[in-house]
Structures are given as structure tokens and as C-alpha cells.
Amino acid sequence: MWLEDILYGALTPGVNEPTVVVVHVALLGCIASLLFLLAIVVNISWSLTFHVCMLLVLAIGLLLLFSWFMQQLSCEAV
Numbered sequence: 049m050w051l052e053d054i055l056y057g058a059l060t061p062g063v064n065e066p067t068v069v070v071v072h073v074a075l076l077g078c079i080a081s082l083l084f085l086l087a088i089v090v091n092i093s094w095s096l097t098f099h100v101c102m103l104l105v106l107a108i109g110l111l112l113l114f115s116w117f118m119q120q121l122s123c124e125a126v
């Protein structure tokens, strides 16, 4: 049923709660994997560490902006 709600949310206008949860989990997984990668490469190469840090900043920024946008949509619906 939960997977059907996600598919339904992808095919209809607007955003439903399961879709928001899946996007948050995916972005948190991306951030977790980048943190793990950063822990591995921190002593290997400065250039690689810099690039992983920039990807981490982008992923965190995307999560924050997505959360802010969803909050703005919920305020307009009220």
C-alpha cells in the first residue's frame, strides 16, 4: 500500500506524505554515504577531500531547501 501511495504521488499533481518521506530518506542516505566517503578519503588526497566536502555541502543544501519548500507548500495549503 505504501509503494502504491508513492507511485500515486508521482503521477498526480501535488506532493503526498510518502513521497516526501522517500525523498528525505534518499537525501539522508546520500549524506550518510558522503560522510562515510569523507572519513575514508580525508588522509588520502586534499583535492579528493575538497570535492567530497563540496558534494556534502550540496547534498545538505538540497535537503534543507527541499524541507523549506515542503514547509512553504504546507503553509499555502492552509
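To convert, take the position in the sequence shown, counting from 1, and add 48; that gives my numbering. Where is the CB? At the ideal position from N, CA and C, for every residue including glycine.
**Asked** Excluding sequence positions up to five away, which residues of its chain have a Cβ less than 8 Å from the Cβ of Val126?
**Response** Residue confidence is low: Val126 scores 45 on pLDDT, short of 50, so the model does not pin down where it sits. No coordinate-derived value is stated.
**Prompt:** Just the Cα atoms here: how many angstroms apart are Gly62 and Leu75?
**Reply:** 20 Å
**Prompt:** Gln119: which of Leu59, Glu65 and Thr60 sits nearest, CA to CA?
**Reply:** Glu65
**Asked** Do Val89 and Leu82 come within 7 Å of each other at the CB atom, strictly closer than that value?
**Response** no
**Asked** With C-beta atoms as the reference, is Leu112 less than 7 Å away from Val100?
**Response** no
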